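To start, the structure itself, in structure tokens.
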Amino acid sequence: MVIESVRPELDGGRFAVKRVAGDTFKVEADLFKEGHDVLVAIVRWRQSGPSGQETQWAEVPMKALGNDLWVADFPLARNGRYQYTVEAWPDLFATWASELKRKVDVGRDVRSELLEGSGLLEGAAERARTFGGEEESRLLAEAATKLKQPPSPELIVTALSPDLARIAGKYADRSLATQYDRVLEIFVDRERARTSAWYEFFPRSAVRDGKTHGTFKDAEAWLPYIQSLGFDTIYLPPIHPIGRTARKGKNNSLRAEPDDVGSPWAIGGAEGGHKAIHPQLGTPEEFRRFLKAAEQHGIEVALDLAFQCSPDHPYVKEHPEWFLRRPDGTIKTAENPPKRYEDIVNFDWMGPGRDTLWPELESVVLHWVQQGVKIFRVDNPHTKPLQFWAWLIRHVQDKHPEVVFLSEAFTRPKVMKALAKIGFTQSYTYFTWRNFKQEIEEYLTEITHPPVSDYFRGNLWPNTPDILPELLQRSGPAGFRLRVALAATLSSSYGIYCGYELCEGRALPGKEEYLDSEKYQLVAWDLERPGHIRDWIRKLNAARKQHPALQLYGNLRFFRSDNDRVLFYGKRTPDGSSQVLVAVSLDPHSPQEALLHVPLKELGIPPDETYQVHELMTDERRLWQGPHAQIRLTPDQPAAIWAVYRFRRTEQAFDYYE
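Be aware that the sequence shown starts at 187, since it is given in the working numbering, and climbs by one per residue.
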């Protein structure tokens with residue numbers, strides 16, 4: 187047997203493909219053998235875990251689709267790691283029966299063939315008895331005895347009985363089987379790994395006056411507001427003590443005033459390190475209470491995982507062997523020329539202290555998991571060894587498969603993909619800088635289709651505390667509306683940094699950085715200030731929650747619009763029960779009209795059928811017919827999201843269904 191082109195398979199089985207609990211996993215393979223044997227193939231699969239915790243192998247038969255292509259699927263019921271492989275063998279009895287029928291049909295003497303079939307059935311009967319199929323063994327043995335009789339029409343009917351072939355096939359001689367030379371892996375995440383809407387904010391600014399350091403109790407007051415916007419994940423920047431040495435001042439100044447709060451990413455001080463909480467934020471008990479309050483609002487809390495230290499971090503004194511040093515013995519500060527982070531020092535990841543450093547950092551993650559945190563946004567993972575992340579993520583998820591890791595890596599494409607392959611659940615993307623139709627279509631098609639989508643899930647962010655894109659600096663509310671509409675509908679996971687809903691676009695001159703950045707100071711957020719787009723964001727998140735098609739990753743399809751400034755695309759569930767079309771203007775300054783080419787065949791709608799579209803941002807319903815629709819988008823309403831409904835005739839009237 188030859189078994190090849192098993193798919194999905196990631197880099198020859200080196201890495202696990204990703205799916206979500208509840209998915210059905212489809213396996214394809216090319217299978218063939220010399221000659222004309224009837225072949226049988228199965229997929230063997232099991233849920234696996236740390237050594238000794240694997241479940242028993244299960245088997246599901248593969249179906250031949252023609253041209254040597256075979257396919258099967260099996261359910262992924264639970265969060266965790268699975269294994270699968272393919273096995274195939276020739277079905278000797280089915281092959282014999284096929285040849286017997288051809289010889290009978292042309293009038294050949296089949297005495298010898300019947301004796302051959304009798305021998306095959308005797309072997310199957312013995313195997314059935316070995317595996318406890320006593321009744322089936324008896325039936326096979328009786329049929330074997332009959333086939334030793336002289337040929338007759340009745341005997342031929344017995345020999346070619348489908349039931350006999352089925353039982354004989356159940357106990358086929360699998361010593362002839364060939365197994366694929368690799369056991370492949372799937373990591374099955376929980377649903378939040380695929381579908382999430384993130385809101386990032388600094389709890390230290392929760393008081394909103396720009397002067398008073400906020401606490402977790404103050405942050406609790408934000409929960410109803412964040413819930414009202416429709417977000418289900420709150421991401422907090424580092425909540426640990428902040429170092430004093432080389433502390434940064436406002437706007438990244440090298441000189442800090444006595445009351446400057448510093449960058450949360452300069453982790454560690456006299457009060458503790460990565461397992462400690464900044465004393466001005468509160469106590470561990472108050473943090474756990476914040477987690478519980480968020481849960482009561484339907485929100486999960488994500489923490490920043492930044493494996494770097496302030497020079498004041500306890501690790502620096504307790505474990506000097508963990509840090510990079512210059513030839514003169516002084517500790518190295520972090521640099522990415524021309525940038526320099528004087529308030530941060532980096533670990534010596536592959537140095538002599540790695541045997542104790544790596545387990546300590548694993549214990550940091552497990553500490554916060556024990557507090558109730560199951561989502562981590564990982565800061566700059568591309569600046570640490572891939573070997574470390576592969577080791578850490580596997581160790582953590584072997585114990586807690588529900589833990590989600592978001593990779594914050596704006597770096598070279600292959601590095602971003604490598605991080606996803608070695609285990610990161612979600613990934614930041616280049617979406618932040620994709621503004622034109624062709625580049626959006628090409629990039630989003632790449633990351634939402636196999637092979638990339640088998641391991642890479644893009645989490646789209648139109649802004650972050652580090653990045654205020656040029657488009658948002660000069661486009662006003664219209665630009666903020668269209669960019670968040672794209673982020674919320676192109677991917678099943680997206681996020682915004684606090685202030686986006688207020689259209690905060692003030693930047694440092696000539697840079698994609700915020701003026702008066704919250705990274706270095708408290709900010710007075712006026713959530714009621716004019717010009718906000720809160721209602722727009724609420725409607726986007728409501729649409730995502732109401733329509734399952736928008737909750738899936740990998741179902742994005744782009745369609746034709748005759749205007750290069752209007753993007754047209756859609757999503758649907760596999761069964762077609764939820765179908766959504768989206769049009770977004772890429773021009774924040776002027777109205778745009780477009781003729782949309784509606785993909786009727788993909789929607790399952792005949793060309794002459796009338797169908798209803800419900801535009802979710804305005805709540806307008808219209809009847810469309812045919813493959814074209816003329817639309818107009820404006821800066822105030824730069825996006826339209828249509829749920830598509832087909833009509834059906836009932837005895838009393840017309841009704842519609844999704």
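Even glycine gets a Cβ: it sits at the ideal position worked out from N, Cα and C.
These figures come from a predicted structure and were not determined experimentally.
Quiz item: Taking the C-alpha atoms as reference points, what is the distance between threonine 848 and leucine 736?
Solution: Missing from the structure shown is residue 848; the chain here goes from 187 to 844 and no further.
Self-check item: Whether valine 770 touches tryptophan 828 by CB criterion (9 Å)
Solution: Counting from one through the sequence shown, the residue named residue 770 turns up at place 584. Counting from one through the sequence shown, the residue named residue 828 turns up at place 642. Contact flag unset, no.
Quiz item: Which residue from Gly790, Trp544, Val590 puts its Cα closest to that of glutamine 494?
Solution: Your numbering for residue 494 matches position 308 in the sequence shown. Of the residues Gly790, Trp544, Val590, the one whose Cα lies closest to the Cα of glutamine 494 is Trp544.
Quiz item: Pairing CB atoms from the stretch 680 to 693 with CB atoms from the stretch 352 to 368, are three or more of them under 8 Å?
Solution: No contact exists between the stretch 680 to 693 and the stretch 352 to 368.
Practice problem: Determine the closest residue to serine 763 out of Arg832, Pro637, Thr631, Leu809, with distance taken between C-alpha atoms. | Solution: Locating residue 763 in the sequence shown gives position 577, where the first residue counts as 1. For serine 763, the nearest C-alpha among the options comes from Arg832.
Exercise. Return the chain-ordered list of same chain residues with a C-beta closer than 6 Å to the C-beta of glycine 198, the five sequence neighbours on each side being excluded.
Key: Counted from its first residue, the sequence shown places residue 198 at position 12. Taken in chain order, the list of residues that qualify is empty.
Quiz item: So, helix, strand or coil for proline 497, using DSSP?
Solution: Within the sequence shown, numbered from 1, the residue matching residue 497 stands at position 311. Proline 497 falls in the coil class under three-state DSSP.
Self-check item: Helix, strand or coil at aspartate 418 [DSSP, three-state]
Solution: Taking the first residue of the sequence shown as position 1, residue 418 is located at position 232. Three-state DSSP puts aspartate 418 in coil, outside helix and strand.
Quiz item: Buried or exposed: which applies to proline 792, given that a residue is buried once 16 or more other Cβ atoms fall within 10 Å of its Cβ?
Solution: As a position in the sequence shown, residue 792 is number 606, starting the count at 1. Proline 792 should be labelled exposed.
Practice problem: Please name the residue, chosen from Leu753, Arg230, His426, Met602, that lies closest to glutamate 846 on a Cα-to-Cα basis. | Solution: As displayed, the chain neither begins before 187 nor continues past 844, which places residue 846 out of reach and without an answer.
Quiz prompt | tyrosine 706 to aspartate 652 span [Cα, whole Å] | solution = Along the sequence shown, read from residue 1 onward, the residue named residue 706 stands at position 520. Along the sequence shown, read from residue 1 onward, the residue named residue 652 stands at position 466. Taking the straight line joining both Cα atoms gives about 11 Å.
Exercise. Determine the DSSP secondary structure at tyrosine 843, reduced to helix, strand or coil.
Key: Your numbering for residue 843 matches position 657 in the sequence shown. For tyrosine 843, the predicted structure reports a pLDDT of 48, less than 50, and the residue's modelled location is therefore unreliable. A value from the coordinates is still provided. The three-state reading of DSSP puts tyrosine 843 in strand, counting E and B together.
Exercise. Might you give, ordered along the chain, the residues of its own chain that have their beta carbon closer than 7 Å to the beta carbon of valine 290, omitting 5 neighbours on each side?
Key: The count along the sequence shown starts at 1 and reaches residue 290 at position 104. Excluding the 5 residues flanking it on each side, valine 290 has same chain C-beta neighbours closer than 7 Å at Val296, Ile342, in chain order.
Exercise. Given a cut-off of 9 Å, decide if leucine 217 and alanine 283 are closer than it, judged by their beta-carbon atoms.
Key: Locating residue 283 in the sequence shown gives position 97, counting from the first residue. Locating residue 217 in the sequence shown gives position 31, counting from the first residue. No; because the gap between Cβ atoms is not below 9 Å, this pair is not in contact.
Quiz prompt | For phenylalanine 417 and arginine 729, the rounded distance between their alpha carbons | solution = On the sequence shown, residue 729 is found 543 positions in, with the first residue counted as 1. On the sequence shown, residue 417 is found 231 positions in, with the first residue counted as 1. The question names arginine, yet the displayed sequence has alanine at residue 729. Between alanine 729 and phenylalanine 417, the alpha-carbon positions lie close to 12 Å from each other.
Quiz item: What's the call for glycine 400, buried or exposed, on a 16-neighbour Cβ count within 10 Å?
Solution: Residue numbering aside, residue 400 sits at position 214 when the sequence shown is read from its first letter. Counting the other CB atoms within 10 Å of its CB gives glycine 400 a total of 16 or more, which places it among the buried residues.
Exercise. Reducing DSSP to helix, strand and coil, say where arginine 758 ends up.
Key: To locate residue 758, count along the sequence shown from 1; it is residue 572. Reduced to three states, the DSSP call for arginine 758 is strand.
Quiz item: Can you tell me the Cα-Cα spacing of aspartate 498 and asparagine 265, whole angstroms?
Solution: The residue given as residue 498 occupies position 312 in the sequence shown. The residue given as residue 265 occupies position 79 in the sequence shown. When rounded, the distance between both Cα atoms is 40 Å.
Practice problem: Report the partner residues of serine 771 according to the DSSP bridge assignment. | Solution: The count along the sequence shown starts at 1 and reaches residue 771 at position 585. Serine 771 is bridged to Val752.
Practice problem: List the endpoints of the continuous alpha helix (DSSP H) containing isoleucine 643. | Solution: Position 457 of the sequence shown holds residue 643. The amino acid occupying residue 643 in the given sequence is arginine; isoleucine does not appear at that position. Annotation: arginine 643 is outside any alpha helix (DSSP H) and is labelled neither H nor E by DSSP.
Quiz item: Is threonine 516 buried or exposed, if buried means 16 or more other CB atoms sit within 10 Å of its CB?
Solution: In the sequence shown, counting from the first residue as 1, residue 516 sits at position 330. Here threonine 516 is exposed. Its C-beta has fewer than 16 other C-beta atoms within 10 Å.
Exercise. Note down, in chain order, each residue of its chain lying with its Cβ closer than 8 Å to the Cβ of isoleucine 579, except the 5 sequence neighbours on either side.
Key: On the sequence shown, residue 579 is found 393 positions in, with the first residue counted as 1. Taking isoleucine 579 as the centre and dropping the five residues before and after it, the same chain places the C-beta of Phe591, Ile608, Gly609, Phe610 closer than 8 Å to its C-beta, in chain order.
Quiz item: What first and last residue would you give for the beta strand (DSSP E) that runs through glycine 681?
Solution: Mapped onto the sequence shown, residue 681 falls at position 495. Segment 679 to 683, the beta strand (DSSP E) holding glycine 681.
Quiz prompt | is_contact[glutamate 714, chain C] using C-beta, thresh 9 Å | solution = Checking the listed chains, one finds no chain C in this structure; it contains a single protein chain.
Self-check item: For glycine 266, the three-state DSSP class (helix, strand or coil)
Solution: Sequence index remark: in the sequence shown, residue 266 carries index 80 (1-based). If DSSP states are grouped into helix, strand and coil, glycine 266 belongs with the strands.
Quiz prompt | Inter-stretch contact at 8 Å, needing at least 3 Cβ pairs: the stretch 737 to 751 / the stretch 802 to 810 | solution = The stretch 802 to 810 and the stretch 737 to 751 do not touch, with fewer than three beta-carbon pairs separated by less than 8 Å.
Quiz item: What's the gap between the Cα of tyrosine 755 and the Cα of lysine 249?
Solution: Within the sequence shown, the letter at position 569 stands for residue 755. Within the sequence shown, the letter at position 63 stands for residue 249. Cα to Cα, the separation comes out at about 33 Å.
Exercise. Would you list the one or two residues that DSSP bridges to threonine 210?
Key: Translated into positions along the sequence shown, residue 210 becomes position 24. For threonine 210, which the question treats as bridged, DSSP gives the partners Pro261.
Self-check item: Whole-angstrom distance between leucine 654 and leucine 440, CA atom to CA atom
Solution: Here residue 440 corresponds to residue number 254 of the sequence shown, with the count starting at 1. Here residue 654 corresponds to residue number 468 of the sequence shown, with the count starting at 1. One C-alpha to the other measures close to 22 Å.
Quiz item: For the stretch 203 to 217 against the stretch 255 to 262, are there 3 or more C-beta pairs whose distance is under 8 Å?
Solution: Taking one beta carbon from each stretch, the stretch 203 to 217 and the stretch 255 to 262 have 3 or more pairs nearer than 8 Å; the two touch.
Exercise. Could you tell me the distance, in whole angstroms, from the CA atom of valine 670 to the CA atom of aspartate 565?
Key: One-based indexing of the sequence shown puts residue 670 at position 484. One-based indexing of the sequence shown puts residue 565 at position 379. As the crow flies, the alpha-carbon of valine 670 is around 23 Å from that of aspartate 565.
Quiz item: Is the stretch 440 to 456 close to the stretch 411 to 430, with three or more CB pairs under 8 Å?
Solution: With a cut-off of 8 Å, the stretch 411 to 430 and the stretch 440 to 456 count as touching, because enough Cβ pairs lie within range.
Quiz item: Thinking C-alpha only, which one of Asn522, Val559, Pro506, Pro567 is nearest proline 538?
Solution: Numbered from 1 along the sequence shown, position 352 holds the residue referred to as residue 538. For the options Asn522, Val559, Pro506, Pro567, the alpha carbon positioned closest to that of proline 538 is the one of Pro506.
Practice problem: Grab me the residues of leucine 630's own chain with a C-beta within less than 7 Å of its C-beta, minus the 5 sequence neighbours each way, in chain order. | Solution: On the sequence shown, residue 630 is found 444 positions in, with the first residue counted as 1. The residues are Leu676, Leu742.
Quiz item: If you check the beta carbons only, do leucine 672 and leucine 646 fall under 9 Å apart?
Solution: Indexing the sequence shown from 1 puts residue 672 at position 486. Indexing the sequence shown from 1 puts residue 646 at position 460. Contact flag set, yes.
Quiz item: Just to confirm, are tyrosine 614 and glycine 644 a CB contact at a threshold of 9 Å?
Solution: As a first step, residue 614 must be located in the sequence shown, where it is residue number 428. As a first step, residue 644 must be located in the sequence shown, where it is residue number 458. The Cβ atoms of tyrosine 614 and glycine 644 sit closer than 9 Å to each other.
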